[in-house]
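Report on the structure given below.
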Amino acid sequence: SSEDDVEIVWKAPWVKHDSHILVATEYFRLFRYGYQGSMTSGGALQFSFLKAAFDRKINFMGQMGLKKLLDQWDLYHTLFHSFEMRCPSLQIIQEDQHTMVRAPAIMHLRISRATISTLYPHILQNERIVQKLIGQVLRVPVLIHFRYDENGIIDTFNTEADVTSGFLKLLGCAEDAEFVSNGCHFRDDAELEILP
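Counting with the UniProt record's numbering, you get residues 1 to 196 for the letters of the sequence shown.
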């Protein structure tokens, strides 16, 4: 099997879940290298997929609608020198009346000076750490939950990220990882928070 194959873990035997898994798999295929931007054919394909698979009032990071999701994708595209996201396995979960797909993934984010000045401005005074980070790939474990409504449309999209563990692996020192993570604008729900 190739490294692009996705291991599918079935929690329930119902055939109707096939489409939920296929939609989540397609999301990771289309967005593996991030959002391509609205002016490209790849970006147009991504947007068409989101409009078809996601409820137009999708709940994402406490906001309703696709705008927040697209804004976040734009920030990832702008602030990291490169982006790759891989999801090795998908799992069906039944919760109350909803079917969810649980997708543990890894984001591979190449850090640039723009990344640091925007998301980690508090570390600019520490050139030793800045030099350790620039050009390096930060591997952030992220857990994504796709929640489907009764029509098979995604109505809620949740993300949880473990940024600190990524910095710990990169820097090799808990104190440095904590220093970088404290005060950063990369939240535990994977939101890139840009202050006005």
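Think of the CB as a built atom: it goes at the ideal place given N, C-alpha and C, for glycine as much as any other residue.
- In terms of Cβ geometry, residue 100 and residue 142 do not form a close pair [threshold 7 Å].
- Distances from the alpha-carbon of residue 35 to those of 53, 18, 61 and 85 put 85 closest.
- If you draw a 10 Å sphere on the C-beta of residue 194, you find fewer than 16 other C-beta atoms in it, and that means exposed.
- For residue 91, the enclosing beta strand (DSSP E) covers residues 89 to 95.
- Separation of residue 51 and residue 62 (C-alpha to C-alpha, rounded to the nearest whole angstrom) is 19 Å.
- Looking from the CA of residue 192, the closest CA among 59, 74 and 93 belongs to 74.
- Boundaries of the beta strand (DSSP E) harbouring residue 82: 82 to 86, taken from the DSSP string.
- Bounds of any alpha helix (DSSP H) do not take in residue 187, whose DSSP letter is neither H nor E.
- Spanning the alpha carbons of residue 129 and residue 78 requires a straight line of approximately 22 Å.
- Annotation for residue 108: the continuous beta strand (DSSP E) segment containing it runs 98 to 110.
- For residue 77, the enclosing alpha helix (DSSP H) stretches over residues 66 to 79.
- DSSP places residue 54 in the strand class (E or B) of the three-state scheme.
- Assignment of residue 31 by DSSP, reduced to helix, strand and coil, places it in the coil class.
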